[in-house]
């Protein structure tokens, strides 16, 4: 078994626990923005897509990489945008009057 | 700068991005500071993307720049959709995320710099299967939510056997590829079978189960990105994927608990077919209905009102009229709160977003467990477009398909008023005994128009 796999597994398990603990603390009030935000963070696969598209190896991999860049970058831009729009709408009764 | 040193700078940029991603989720635990979370995430993402552009492996920028612009061109409109369209937008973004993860895995398979080892083959195959099935599954979910496809569960005999054999087929092809990675022809077949399985998986699931399905697809999309991180040995993908995957997983568990069902039951149980038996007994029960005038008089005389919104409110786009009702009743000294069931609507938190959009302060939106004890002291419970989440059969009728599901105890309020188009059963096709209770008044009509009529009555009363 490659050593890379083992170190990635460590990271995966630790990040999974961190995620679990953080998400548990998010109020159900914000579950929709939460899903939009994690979606935008997940769009970081765009970095892998950029490398595939930019390596310029074969026409097939460049096309696949380019499609992946467009798909994931649209998630990144759209995800952050809509999360912010949603969060701006949440106002408490006190802040509304002031 | 030597290549090694550059690689280290890139790694530091990725580590910073990962820290910012974790902080981003941490900020979300407080509604007041949640917007900082978006900022942290944006900085992290910008850092990681710009660092990647300096990666020495990137030699050709033309397609990257073109597709980044296309991505932004698609993403900005998708970030500006109406709040009522948020569920389908979310499903679509799961599809995009899974598509890019699957595609990168496929590209990595065809890069062919070195022959893939069996271990790498296994990683790639698993990653591509999960990515592909999540892609088509999410597209079907988005189609159902956009009502391009029927929202009712589509079922046929032997369905689960067909679906599970598709999954077994994809996994079998993956095993064959691991045993002999030279069988390159099997790879595209495996991808196609996985794509088909995604369609088969989500097609039979009804709209009322969408909160769970959308969360599960969220989790699959995350885990496929994490697996891609394994394939490419990229820790930033492993972390971001693990965060997204665990988030979707936690949400699916919450949704399942709120429906008292298991994952397996949601995915393979095709709700809404059990109804024929219950239909016979309801002939001679009486329903009392009321006009907007009567309803407004009752609301005006109340000192505490709890409004229970559901998917019907979203469909009728009634949230702004509901805000007017909230304003006018609050002005008259009535204590108005909203009771939010975790699975009300089509995705986790759906009702909260709609009501926040209509400018209702979030401290008036109360979760089920917190508000349920207050219903016996509540003068009026006003149900707007919610059905199954108020069905007392879930508490006291062991033969009901939703028996055991936690519900909002609206029937314990002194008066219950239900705005509903007609007496047809709810989405899951389950009859609701709430409508025949002595303390229940049915308000027949479109949610938006009816609430509007009540508001007019209340403002004319002065």
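Protein chains in written order, with my numbering: chain A, 8 to 105; chain B, -3 to 458. We put the beta carbon where it would ideally sit given N, CA and C, even for glycine. Computed from a predicted structure; not experimentally measured.
Own chain partners of residue i with C-beta closer than 7 Å, once the 5 adjacent residues on each side are dropped
i                     : result
residue 167 (chain A) : The structure shown has nothing for residue 167 (chain A), since chain A only spans 8 to 105.
residue 270 (chain B) : With a pLDDT of 41 at residue 270 (chain B), under the threshold of 50, the modelled position of that residue is not reliable, and the figure given next carries that caveat. If we look at residue 270 (chain B) and ignore the five residues flanking it on each side, its Cβ neighbours are 397.
residue 393 (chain B) : 399
residue 315 (chain B) : 309, 350, 351, 353 and 354
residue 368 (chain B) : 404 and 405
residue 390 (chain B) : 396, 398, 399, 400, 401 and 403
residue 159 (chain B) : 193, 196 and 197
residue 211 (chain B) : 244, 247, 248, 251 and 344
residue 107 (chain B) : none
residue 234 (chain B) : 222, 225 and 226
residue 117 (chain B) : 173, 174 and 177
residue 187 (chain B) : 102, 124 and 128
Rounded separation between residue i and residue j - CA only
i                     : j                     : result
residue 155 (chain B) : residue 199 (chain B) : 10 Å
residue 97 (chain B)  : residue 191 (chain B) : 14 Å
residue 16 (chain A)  : residue 67 (chain B)  : 31 Å
residue 209 (chain B) : residue 98 (chain A)  : 29 Å
residue 52 (chain A)  : residue 79 (chain A)  : 7 Å
residue 122 (chain B) : residue 114 (chain B) : 12 Å
residue 24 (chain A)  : residue 242 (chain B) : 8 Å
residue 202 (chain B) : residue 141 (chain B) : 10 Å
residue 77 (chain A)  : residue 384 (chain B) : 40 Å
residue 75 (chain A)  : residue 449 (chain B) : 50 Å
residue 291 (chain B) : residue 29 (chain B)  : 39 Å
residue 57 (chain A)  : residue 56 (chain B)  : 10 Å
residue 45 (chain B)  : residue 54 (chain A)  : 6 Å
Interface partners of residue i on chain B, CB under 9 Å
i                    : result
residue 13 (chain A) : Under the 9 Å cutoff, chain B gives no residues; its nearest Cβ is about 11 Å from residue 13 (chain A).
residue 66 (chain A) : None at all; the shortest Cβ gap to chain B is about 11 Å.
Close-in-space but distant-in-sequence residues of the same chain around residue i (CB under 6 Å, 5 per side omitted)
i                     : result
residue 216 (chain B) : 126 and 130
residue 20 (chain B)  : 33, 36 and 37
residue 206 (chain B) : 342
residue 284 (chain B) : 437
residue 16 (chain B)  : 36, 39 and 40
residue 306 (chain B) : 340, 381 and 382
residue 337 (chain B) : 364, 385 and 404
residue 446 (chain B) : 415 and 439
7 Å Cβ cutoff, residue i in contact with chain B
i                    : result
residue 39 (chain A) : yes
residue 28 (chain A) : no
residue 32 (chain A) : yes
residue 23 (chain A) : yes
Under 7 Å from the C-beta of residue i: neighbouring residues of chain B
i                    : result
residue 10 (chain A) : None at all; the shortest Cβ gap to chain B is about 10 Å.
Partner residues on chain A for residue i, Cβ-Cβ distance less than 8 Å
i                     : result
residue 320 (chain B) : None at all; the shortest Cβ gap to chain A is about 15 Å.
C-beta neighbour in chain A for residue i, strict 7 Å
i                     : result
residue 270 (chain B) : Below a pLDDT of 50, predicted positions are generally treated as unreliable, and residue 270 (chain B), at 41, falls in that range; no measurement from the model is reported.
residue 403 (chain B) : no
residue 17 (chain B)  : yes
residue 140 (chain B) : no
residue 5 (chain B)   : no
residue 461 (chain B) : Because chain B spans -3 through 458 in this model, residue 461 (chain B) falls outside it and cannot be assessed.
residue 317 (chain B) : no
residue 212 (chain B) : no
residue 27 (chain B)  : yes
residue 32 (chain B)  : no
residue 191 (chain B) : no
residue 71 (chain B)  : yes
residue 273 (chain B) : In this prediction, residue 273 (chain B) has a pLDDT of 41, which is less than 50 and means its spatial position is unreliable; what the coordinates show is noted afterwards. Not closer than 7 Å to any Cβ of chain A, the Cβ of residue 273 (chain B) fails to qualify, so no.
residue 228 (chain B) : yes
residue 92 (chain B)  : yes
residue 48 (chain B)  : yes
residue 307 (chain B) : no
heavy atom of the ligand NAD below 6 Å from residue i C-beta
i                    : result
residue 39 (chain A) : This structure does not include the ligand NAD; it has no bound ligands of any sort.
8 Å Cβ shell around residue i - same chain, five flanking residues per side excluded
i                     : result
residue 286 (chain B) : 294, 413, 437, 438 and 439
residue 14 (chain B)  : 40, 231, 232, 235 and 236
residue 12 (chain B)  : 40 and 43
Closer than 7 Å at the beta carbon, the chain A residues around residue i
i                     : result
residue 56 (chain B)  : 61 and 63
residue 51 (chain B)  : 58
residue 38 (chain B)  : 87
residue 357 (chain B) : 98, 99, 100 and 103
residue 368 (chain B) : Those within 7 Å of residue 368 (chain B) in chain A number zero; the least Cβ separation is about 14 Å.
Contact set between residue i and chain A, taken where Cβ atoms lie within less than 9 Å
i                     : result
residue 343 (chain B) : 38, 39 and 42
residue 225 (chain B) : 15, 18, 19, 52 and 55
* Does the count of Cβ pairs from the segment 116 to 126 of chain B and the segment 222 to 241 of chain B closer than 8 Å reach three? -> yes
* Say whether the segment 56 to 64 of chain A touches the segment 356 to 365 of chain B, bearing in mind that this needs 3 or more beta-carbon pairs closer than 8 Å, one atom from each stretch. => no
* Quick check: the segment 326 to 342 of chain B against the segment 375 to 393 of chain B, are there 3 or more CB pairs under 8 Å? -> yes
* Asked: Quick one: any contact between the segment -1 to 8 of chain B and the segment 48 to 67 of chain B, if contact means 3 or more CB pairs under 8 Å?
  -> yes
* Asked: Between the segment 378 to 389 of chain B and the segment 405 to 418 of chain B, are three or more C-beta pairs nearer than 8 Å?
  -> yes
* Asked: Can we say the segment 75 to 86 of chain B touches the segment 164 to 178 of chain B, given the rule of at least three CB pairs closer than 8 Å?
  -> no
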